[in-house]
Amino acid sequence: MAYAAIHTHEAHGHDDHDHHELGFWRKWVFATDHKVIGIQYLTTGLAFLLFGFMLMLLMRWSIAHGAQPLQGWFGAAMHTIFGNDVFVLTENFKMTDGSLISGYSLTSQGYNVFGAMHGTIMVFFGIVPIAMAGFGNFVMPLQIGAVDMAFPRLNMASYWSFFISCVFMVASFFVPGSAAQSGWTNYPPLAGIANFPGTLSADGDMLGVWTNGGTLWLLGMVFNITGSLLGSINFITTIVQLRAPGMTWGRLPFFCWAQFITAYLLVLAFPPLESAAVMNLFDRVFGSAFFMPTGLVVTTVTSAAGIVPAYSGGGSPILWQHLFWFLAHPEVYVLILPAIGMVTEIIACNSRKPIWGYKAMVGAILVLGFLSFIVWAHHMYMTGMGPKVSAFFQTTTILISVPSVILLTALLLSLWGGSIRFNTPMLFATAFLPMFGIGGLTGIPLAFNAIDLFMHDTYYVIGHFHYVVAPGTIFAIFAGCYHWYPKATGRMMSEFWGKVHFWGSLVSINCVFFPMLAQGMAGAHRRWYDGGAGSYSETLGNAIQWNGFMSKWAWVLGLFQLVFIYNFFWSLFRGKKVPNDNPWNATTLEWQTPTPPPHGNFIKPIHVYRAAYEYSVPGADKDYTPQDEPPAGEALPVPAKAPALAH
Amino acid sequence: MEIPYTVHPRPDTGLANPKLGIWLFIASEVMLFGGLFAGYIFMRLGAEPWMWPQGWLNVPVGTFNTFILIASSVTIILSWECLKMRKYKAFKAWLAATWICGLAFLVVKLAYEWPTKFHHYGGYVKKEAAAKYEKYLGNKDTKDAKGSHVDGHETRKKYPRLFIGGHLDTDKDPDAQTAANVPLVTAAQLDAVLAMGATEQNAAKKAKLLANRAKALKQIVVRDLDIAILLKPNVTAEEKASVLHKMNTIHVHSVDAENGDPYDPSNDSAHFIPRPQKDVDHLVIEKADLYPGHGSFVPKLNTYLATYFMITGLHGAHVLAGCIVFIYFWLPIKGGAKLYTTNHAQLCNRIEVSGLFWHLVDLIWIFVFPLFYLL
Amino acid sequence: MSDHTATAHDKPAATHDSHGHDEHHGSVLEHVKPYLIVGAALFLFTVITVALSYIHFDKIGIFVWAFDKIGVHGFTINIVIGMAVATFKVCLVGAWFMHLKQEKSSVWTPLLFTFFFVAGLFLLFAFAYADPIPGTIEWKH
Ligand code: HEM
Ligand SMILES: [Cu+2]
């Protein structure tokens, strides 16, 4: 970059001239380098993904086995960690075969805690930090040929804001009354009164006004949202301002387009949720009644033993739902768009052919981003909306499935006629397509309110969105991990263990989620702590048996993730060293850097000459042509002065 | 490593990074306050009309604050123009004027407007109990000496006045305000609290419960003397009842003008100059006659105050943030006014960008002022 | 995006004038006159807003008649008028103080979407509120 050399002569007030080696703290902890921040997000996010997964295993135990005690030592361990609110000692529990066992079992309150925190953590602390903040931070600036993000210190602030929110969420498990219990959607009035300050925990401790699960959840969300907002502003500015010379919008890799739209969704959709979180905080802490309707009677003996929750009333629980879904529908695209972006990169690279319909895909995500702001009330058909409003949201929801189908179709057609390399990233990327397909197609019936009145809040909905986010987004995340691992570490991940991980995950994840669709259609409701066994076993009939099946396969799925964890760390030290900077023979710019890329990223000035996916160009000497390779006959521009970047 | 376009605009977009950044931030702020105002709209649409108060805020003070904020929007622009024209002294002076205005706004808010709310007291009388307090509510169709309706206006008939507001006699009883905020306590609730820990076997847990019983008693009975009575080993039923009675009644010292003179029709519409309170001899309100949420003028009282405190609070936080940034740029430090000599263009950028933020703050207030103070 | 290697950065750093502003050392007053006028207008409209709020538009025939056409009655007329004046003031601030009058499309485009979505937020909320399943929600206004 020629200008960089000149710029340094300006007498700047800047204090981030990094002409010296940074110390450990500045380099790895309070880092401003986008790659390090990306890795921070990735590792934190992966840790939370695992944590959320484990919460789910406990939750599914409750669904399948109700109050049956957990295995002796394991139950005791869980009880030590989570305390009396979540686990109780059950003596002489009668098993189906008539035998009696004793041990620690989950309380129904514990089920609520795990359910709420599983959803929250997976969405806001797992997938968004990994797929958007992690991969976005690491890959996007490299792909557009930038030296860093536009505001490196803001980038650091985003991460630390996110980190504070993580601390709040984890800490909330250890305050009296345990963590939040009102679902990841945090619907009032339950969200206003669960974990209520002044009530007593199982240990007889009084819940504090600020230190209780519900309030900490809200505080965590406020920090999480703030971090996301700052990060997204940074992403957009970077993509608009820091594209390398020649990197026109039409040459932008699709992953960057996806990040761009995602960032816009966050900037414009997250703030209303932040305002809703503030209102909910007011309700909980200052006793206001934004979401608390008139005439709500909340009196229990324990609440009498503290601040009596007497609400002035006049609030509306529906207001929360509007503000929540105004974010949370765009949020589902925040979950899926970066994933589609990654899959696109990997499919192009491994099918050795340009993406089919790049322009149509870009158009599709633009439309999708726009429409996603006006479909939110399809989550609220059951709130008493009249036929006119329902018809409106039904129409927009069906409209939005058109761009989704365009994306999927373009990716499928991209495979057509390619000479596909089925390495691990590609396996995950190709599996993403049908899995996302099932997820998307099962959404379409839900769009019609006549059908949704039956399906709403059943396991069918759970099946629907888990197909999108679990074998969808999370598979894309795995694909991304295997694909960019060599760039970040200089070593390849093991192919053998990668394939074990893939096939194991593919089979078990379908055994977990497919029965949900059937069970939901049979009428199984979500958020029953005993999976319906107590009161609904007759209505559910055979469908109830799937509870145990799914819970078992969830453990199998967990086992195969151990393979990934092992592979991840093993490869860090023992993995095969990359043969060169571009082990996959890819075209995009992140592969035209040293491995791992140094601070400042590129050691040569970058100029982009061609579109993102020039694979197998007829007449070319190799089957890929990097974006910065000048057209034949054109000489590289000679930098005016020696670049000041190399260090 | 140097990041391009931190100061100078990129040719094809025509923007420098900070400017795009701040506009995106403004966009997100618009959505944030959009959410808050959506809350306001919902609250107001859903409220019973008689529950949505008018004329609770001091309009002259609000107008003054509006003027201050608009003035500061002008001074920040002047500061920026002077900076661009390299008039250092004028730049500094206008910048100082800006943050002084901002701080003045906050002082008015935090030292006058909010505290007066906290010292005010009020509650909505239940419809069925309204007759008891007729003297202060004035809903009856009374006639004056000439036989014409004094209370002939439509609104009151449709929506009876149910609110009584005023001041409590905190001179005689310093705990009066706190006690008035406590919701109605029933005998059963009191007994439940007193019984806390009584049957607990586990010694450690019992100690905890007893400690919490003390905390809970403090919250629902407030006055130490009464707590001492309740904790006596042989507390009689009469003593309990008398404490309960004390907790569940409120002794009002003076009432708002419209309660003091409820039949005067001019008291029904908002006044530019707030009218004085009126002393009352002995008004005793029973909490049982009030809807829940009585007490000081805090978010708990009604949804109007909840939205008021939330929106003005968040707006105030933005004012504070703006002031801090301006003071930082005003001080002769490396990232601040010193940039005038070291990197003039960057200082111009900084003032412009923070100015944009400041205009946003002003812009929000332009909506807040009429919505809460006037309409 | 054509050749941006030859940008402002290639200019000598000392001139500092690549900011796009002309460095008139002329009269400040002349430069800031529009701002002062807008500022004065904002003051004036503040006074007008306050004054308008004390007028009972629902008692004035012509207003009742006109607002009836858009389904607005009673005190809500005052609210609509008050908000209209506020919106006008906000436009003044936006156009002059925030320079939206001469801002680039890179700023305008996202802002337009923002306004559209805020409008969607308000209107669709109100729409959902105004169209309940008959008999489920009681209208207060
Ligand atoms: C093809 C387009 C899609 C359509 C038509 C669609 C439709 C719907 C509808 C109508 C619901 C509400 C069901 C109910 O609660 O009764 C729903 C729920 C949900 N959808 Fe989709 N969806 C689509 C794609 C997606 C995608 C791409 C995601 C991405 C992750 C997603 C994630 C979710 C989630 C998380 C929920 C449930 C939220 C909850 O209640 O906890 N959907 N979907
Ligand atoms: Cu949705």
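Quick note, the sequences are listed as chains A, B and C, same order. Using our numbering, read the first sequence as starting at 314 and increasing by one per residue. Using our numbering, read the second sequence as starting at 1395 and increasing by one per residue. Using our numbering, read the third sequence as starting at 30 and increasing by one per residue. Cβ coordinates follow ideal geometry from the N, Cα and C atoms, glycine included. All figures in this text were calculated on a predicted structure; none of them were measured in a lab.
Other residues of its chain near residue i: CB distance less than 6 Å, five sequence neighbours each side excluded
i, result
"A/Phe573", "Ile552"
"B/Ala1664", "Gln1448 and Gly1449"
"C/Thr75", "none"
Unbroken beta strand (DSSP E) run spanning residue i, endpoints
i, result
"A/Asn405", "Phe400 to Lys407"
"B/Ile1644", "Thr1643 to Val1649"
"B/Glu1680", "Lys1672 to Glu1680"
"B/Leu1409", "Per DSSP, B/Leu1409 belongs to no beta strand (DSSP E) and is neither H nor E."
"A/Ser848", "First-last for A/Ser848: undefined, no H or E at that position."
"B/Tyr1518", "Tyr1515 to Tyr1518"
"B/Phe1691", "Taken as a continuous stretch (DSSP letters only), B/Phe1691 belongs to no beta strand (DSSP E), as it is neither H nor E."
"B/Leu1562", "Phe1557 to Leu1562"
"A/Ser685", "Segment: none, A/Ser685 is in no beta strand (DSSP E) and carries neither H nor E."
Heavy atom of ligand 1 within 7 Å of residue i beta-carbon
i, result
"C/Asp87", "no"
"A/Val774", "yes"
"A/Met768", "yes"
"A/Phe705", "no"
"A/Ser495", "no"
"A/Gly697", "no"
"A/Gly753", "yes"
"A/Leu543", "no"
"A/Ala760", "yes"
Residue i classed as buried or exposed, judged by whether at least 16 other C-beta atoms fall within 10 angstroms
i, result
"C/Leu58", "exposed"
"A/Gln258", "The structure shown does not extend to residue 258 of chain A, since chain A spans only 314 to 960, so no value can be given for it."
"B/Val1678", "exposed"
"A/Ala763", "exposed"
"A/Lys800", "buried"
"B/Arg1404", "buried"
"A/Phe882", "exposed"
"A/Thr755", "buried"
"B/Lys1413", "buried"
"A/Ile440", "buried"
"A/Gln858", "exposed"
"A/Arg734", "exposed"
Residue i, enclosing alpha helix (DSSP H) - first and last residue
i, result
"A/Ile757", "Thr737 to Ala760"
"A/Ser491", "Segment: none, A/Ser491 is in no alpha helix (DSSP H) and carries neither H nor E."
"C/Thr105", "Thr105 to Leu121"
Cβ shell of residue i (< 7 Å), same chain only, five flanking positions each side left out
i, result
"B/Met1395", "none"
"B/Phe1436", "none"
"A/Ser545", "Ala576, Leu579 and Val580"
"C/Leu129", "Gly123"
"A/Ile414", "Pro382, Phe406 and Met408"
Nonlocal neighbours in the same chain, by C-beta distance under 8 Å from residue i, ignoring five residues either side
i, result
"B/Leu1562", "Tyr1515, Ala1570, Gln1571, Ala1574, Ile1644, His1645, Val1646 and His1647"
"A/Leu766", "Tyr694 and Met695"
"B/Asn1743", "Val1401, Ala1410, Pro1412 and Lys1413"
Any non-hydrogen atom of ligand 2 closer than 7 Å to residue i Cβ
i, result
"A/His635", "no"
"A/His692", "yes"
"A/His347", "no"
"B/Val1674", "no"
"A/His642", "yes"
"A/Val688", "yes"
"A/Val436", "no"
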